[in-house]
Amino acid sequence: MKLHEKKESSIHRVQEVMLEEIDLSAEYNIEKTLGEGSFAKVLLATHRRTQTRVVLKAVHQELTTEKDFYREFHYSYHLSPHPNILSSYAVAFKADKCYIFAQEYAPFGDLAGNVRAGGLSEDVCKRIASQLSSALDFLHSKQLAHRDVKLENVLVFTQDMSKIKLCDFGCIKREGQLVSKIRCTWVPFLPPEIYEIIKNERFTCKRSADCWQFGIVLFVCLTGNPPWQSADPIQDPDYSAFQRWLKRRTTKIPTTFRRFTPRLLRYFRRIFEHKAEKRAGITEINKYLKDTWCLNKLSHSATSTSVDASDTQVAKRADSLLYLDTIVDARLNVDENKNKLRKLLNSYGLETAVDQKVVTKRIWEWVMQCDSSIHDSQYLTVYGNESM
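Per the numbering used here: the sequence shown = residues 950 to 1337.
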């Protein structure tokens, strides 16, 4: 099947056409498997006649319906004119008991394979945010929701992240449609309104879920980790702490957010709004692209060499650690009133002994969260961390 034109008015009118059965090995030279998921396999191949290098997305016929395949191919093709959406070619067919269509090849893989421990540099994250929000805004302007925004669905075309593209439109739906939970979505990416839904329960598709997932992608790019394991204010302590701070029940910034400036914290408050109807739109990130995001200027980038802290900065941090240690000793040993209370509690059989190593470790972890650039063993020695 071949398509020859992309009409704006036809984007929601999915055509179902007879797919041609071909001999895959005769038409394409399969080089390798790039990835394999629950429903599909992605192959790197070269078209023998034209010598064009393409990616073939193959979905086994037993794992999907023809209608669902047509829908994914249709939207992939009609949305691909956007510069930050993966280009799909006007070719689809059947082979080896699979439905297959062709797309362009991303030489640097996906975002998940490019985000290192500790995250990417602020400038790189801003490039990613700008392009990904543009792609999602294009979808949202068509009343469409991607529904599976994650690092694996963002492909990288240049090593400095100046060109990235959104892919995988197998879950795409129109705003307002009744949908079911996506089975293979990583739990930390689920917004609360979807996380709370029970298995097989139907709910209304909303674009605000994409905005939440965009925020998670941005957070992972900046830090290397998700902000929480699930958007559950009861079971997940990190999300619970964020919700208390969001609702202004505490002024204590959640641990995982302390590296960010007030401006970026404001954005995360908006994009991680628990109530979907109050959540920030996808283009709101544009208001923050010129702001400084990170308090720690020494974040490491997968696309550049790491920057070491200066001797002055290290000395200041070491002095701070020793000063904190002194404060702890003073608070534990000098206050006579506390000693009297401790003796009284001991007389009733209540254990009040303080493990200095535990206290030291907690303070060390707090300092490290404030400045993740200190990892050298000589600075650990200053604070006695090798014995923990």
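Each residue gets a CB set at the ideal place from its N, CA and C atoms; glycine is no exception.
About 7 Å separates the CB atoms of C1243 and T1210; that is less than 8 Å, so the two are in contact. Judged by DSSP secondary structure, V1003 falls within the beta strand (DSSP E) whose first and last residues are 1001-1009. In the pairwise beta carbon analysis, the stretch 1081-1090 is classified as not touching the stretch 1126-1145: fewer than three pairs are separated by under 8 Å. Within its own chain, the residues whose Cβ lies closer than 6 Å to the Cβ of I1234, once the five positions on either side in sequence are excluded, are A1078, S1082, listed in chain order. The beta carbons of L1100 and D1059 sit about 6 Å from each other, so the pair counts as a contact at 8 Å. Inter-segment contact for the stretch 1042-1057 and the stretch 995-1014 is present: three or more beta-carbon pairs are separated by less than 8 Å. Under the DSSP assignment, Q1052 falls in the beta strand (DSSP E) whose first and last residues are 1047-1052. Here F1168 carries a helix assignment [DSSP, helix/strand/coil].
The secondary-structure analysis by DSSP pairs S1082 with nothing; it has no beta-bridge partner. A1094 sits buried, since 16 or more C-beta atoms from the chains shown fall within 10 Å of its C-beta.
As a beta-bridge residue in DSSP terms, N978 pairs with T995. Partner residues in the beta bridge of I1034, as assigned by DSSP, are L1115.
Secondary structure of K990 (DSSP, three-state): strand. A direct Cα-Cα distance of roughly 41 Å separates I1183 from Y1019.
Around the C-beta of L1035, 16 or more other C-beta atoms lie within 10 Å, and the residue is accordingly described as buried.
Put simply, of D1097, D1045, Q1010, Y1024 the residue whose alpha carbon is nearest the alpha carbon of I971 is D1045. Taking each of Y1024, T1241, R1193 in turn and checking the Cα distance to R1218, the smallest one comes out for R1193.
DSSP places E970 in the strand class (E or B) of the three-state scheme. Annotation for L1104: the continuous beta strand (DSSP E) segment containing it runs 1103-1105. Contact check for V1105 and N1063: beta-carbon distance about 6 Å, within the 8 Å limit, so the pair qualifies. Within the DSSP secondary-structure output, F1042 pairs in a beta bridge with E969, I1049. If you draw a straight line from the Cα of K1043 to the Cα of R1132, it is about 25 Å long.
Between the alpha carbons of L1195 and E985 lies a distance of about 38 Å. CA-to-CA, the gap between E1021 and R1197 works out to about 42 Å. The residue among K1224, R997, T1014 with its C-alpha nearest the C-alpha of N978 is R997.
About 35 Å separates the Cβ atoms of N1149 and Q1080, ruling out a contact at the 8 Å cut-off.
Beyond the five residues adjoining it in sequence on each side, Y1144 comes within less than 8 Å, by CB distance, of V1136, S1179, A1180, D1181 in the same chain, given in chain order. The continuous alpha helix (DSSP H) containing F1022 extends over residues 1015-1028.
Excluding the 5 residues flanking it on each side, L1171 has same chain C-beta neighbours closer than 6 Å at G1068, C1074, in chain order.
Taking the Cα of L1085 as reference, the smallest distance to any Cα among D1185, F1163, V963 is reached at F1163. Taking every protein chain shown into account, the CB of H1009 has fewer than 16 other CB atoms within 10 angstroms, so this residue is exposed. D1059 carries a strand assignment under DSSP once its states are collapsed to helix, strand and coil.
Annotated three-state conformation of K1122 is strand, per DSSP. Within the model, the alpha-carbon separation for Q1108 versus I1165 is close to 22 Å.
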